[in-house]
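Asker: If you're matching positions, the sequence shown starts at 3 in this note's numbering and goes up one per residue.
Ideal Cβ placement from N, Cα and C applies to all residues, glycine included.
Have a look at this one before I ask anything.
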Amino acid sequence: MQDPVDLLQIKIDQAKAKLPEETLSAISAIEWQAVIIGLREKKGYSFEQLGDLEIETELLLCGLLSPTDYPKELERRMHISKAQVDELVNEMNDLVFKKIREELIKNTERKKIFAKKSTEEKIDAQVLSAHGIEIITNPDLTLPELKAEEKKAE
Numbered sequence: 003m004q005d006p007v008d009l010l011q012i013k014i015d016q017a018k019a020k021l022p023e024e025t026l027s028a029i030s031a032i033e034w035q036a037v038i039i040g041l042r043e044k045k046g047y048s049f050e051q052l053g054d055l056e057i058e059t060e061l062l063l064c065g066l067l068s069p070t071d072y073p074k075e076l077e078r079r080m081h082i083s084k085a086q087v088d089e090l091v092n093e094m095n096d097l098v099f100k101k102i103r104e105e106l107i108k109n110t111e112r113k114k115i116f117a118k119k120s121t122e123e124k125i126d127a128q129v130l131s132a133h134g135i136e137i138i139t140n141p142d143l144t145l146p147e148l149k150a151e152e153k154k155a156e
């Protein structure tokens, strides 16, 4: 029989594969595991508690755990009080979730800007083409070099 952690990791990997690229990019841009490890020194959690926090956080990030169940699971798995859970969730919100959300917004805005720019470039090219002007977009094409006599004439 397979290790339950392996089966859970398989589920996590499958869920991540279904996430939009922008979401995956935003999650990977934030070093949320490092934040969790930093809580050992800051809050004195054991490595086992931090492991549970990491698993529950990853389940939340990939959509396998609902935000409403996240605090309950932390309380149950980490064996900490409701007050400690509330404090931990607020800290995770400030140090991880808000930053991922900001990164996701930046990525989405960046994508919109590039899409808008691409559309504008296409329209510009169409307008120029209608007037007999063709834009060469092949970067491999280079201008011919001037012959020595032509350079002297300049």
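(1) Would you please state the rounded distance, in angstroms, between the beta carbons of Glu33 and Lys113? I believe it to be under 8 Å.
(2) Run through DSSP, which three-state label would Glu192 get?
(3) On the DSSP letters alone, give me the boundaries of the alpha helix (DSSP H) that Asp96 sits inside.
(4) Taking the alpha helix (DSSP H) that Glu33 belongs to, which residues open and close that run?
(5) At the level of alpha carbons, what is the spacing between Asn95 and Asp71?
(6) Could you tell me if Thr59 is buried or exposed, where buried requires 16 or more neighbouring beta carbons within 10 angstroms of its beta carbon?
(7) Can you look up Ile135 in the DSSP assignment and give me helix, strand or coil?
(8) Smallest Cα separation from Pro73: which of Lys44, Ser48, Val87, Lys124?
(9) For Val37, tell me which candidate among Gln51, Asp15, Leu97, Ala28 has the shortest Cα-Cα distance.
Answerer: With the structure as the only source:
(1) The residue you call residue 33 lines up with position 31 of the sequence shown. The residue you call residue 113 lines up with position 111 of the sequence shown. Taking the Cβ atoms as the reference, Glu33 lies roughly 23 Å from Lys113, outside the contact range of under 8 Å.
(2) Limits of the chain in this structure are 3 at one end and 156 at the other, which puts residue 192 out of reach.
(3) Taking the first residue of the sequence shown as 1, we reach residue 96 at position 94. If you look at Asp96, you'll find it isn't in any alpha helix (DSSP H); DSSP assigns it neither H nor E.
(4) Within the sequence shown, the letter at position 31 stands for residue 33. Annotation: Glu33 is outside any alpha helix (DSSP H) and is labelled neither H nor E by DSSP.
(5) As a first step, residue 95 is located in the sequence shown; it is residue number 93 there, counting from the start. As a first step, residue 71 is located in the sequence shown; it is residue number 69 there, counting from the start. Those two C-alpha atoms are separated by around 15 Å.
(6) For the purposes of this step, residue 59 is identified with residue 57 of the sequence shown, where counting begins at 1. Its Cβ being crowded by 16 or more others within 10 Å, Thr59 is buried.
(7) By one-based count along the sequence shown, residue 135 stands at place 133. In the structure shown, Ile135 adopts coil according to DSSP, grouped into three states.
(8) As a position in the sequence shown, residue 73 is number 71, starting the count at 1. Answer by Cα proximity: Val87.
(9) Sequence index remark: in the sequence shown, residue 37 carries index 35 (1-based). With distances taken between Cα atoms, Val37 lies closest to Leu97.
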